[in-house]
Amino acid sequence: MHWSALCTAYQAGELGLESGLTFGDYAGFSWQWTWLRLRDYYGTDNGLVKEIGYWKDGKHLNKLVITQAGVEFYRQQWSQYRTLYPDVNAPLPN
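Per this note's numbering, residue 3 is the first one in the sequence shown, and the count goes up by one each step.
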């Protein structure tokens, strides 16, 4: 589940993922069970993903974006995780 979520964040890139109808639910993955783990990933200073607040049409919204550490993790681990989870949509890193 975590690898699939990270792949989704990687594909979204700098545009990030908009919050779903449920608070903190990004791209169908749970904030509590998935995104928090990636945000607080040990061994990184800023986690693999982060939430960013912004204003749109007079409303304060949040989106989730992959961090540089997340991009590097994806690139370094892609081959191993692609083998472990072949059904996950994980494009070849650039």
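Even glycine gets a Cβ: it sits at the ideal position worked out from N, Cα and C.
CB-CB under 6 Å to Q29, same chain, minus the five flanking residues each way: which ones, in chain order?
First, the residue type needs correcting, since residue 29 is Ala and not Gln in the sequence shown. The answer, listed in chain order, is T10 and L19.
Rounded to a whole number of angstroms, what is the C-alpha to C-alpha distance between L86 and S6?
12 Å
For L94, tell me which candidate among Q13, H4 and I54 has the shortest Cα-Cα distance.
Q13
I need the boundaries of the alpha helix (DSSP H) containing E74, first residue and last residue.
If you look at E74, you'll find it in the alpha helix (DSSP H) that goes Q70 to L86.
Does DSSP put Y56 in a helix, a strand or coil?
strand
Check whether the region 31-49 touches the region 57-65, taking contact to mean three or more Cβ pairs, one atom from each stretch, closer than 8 Å.
Remark: fewer than three beta-carbon pairs, one from each stretch, lie closer than 8 Å, so the region 31-49 and the region 57-65 are not flagged as touching.
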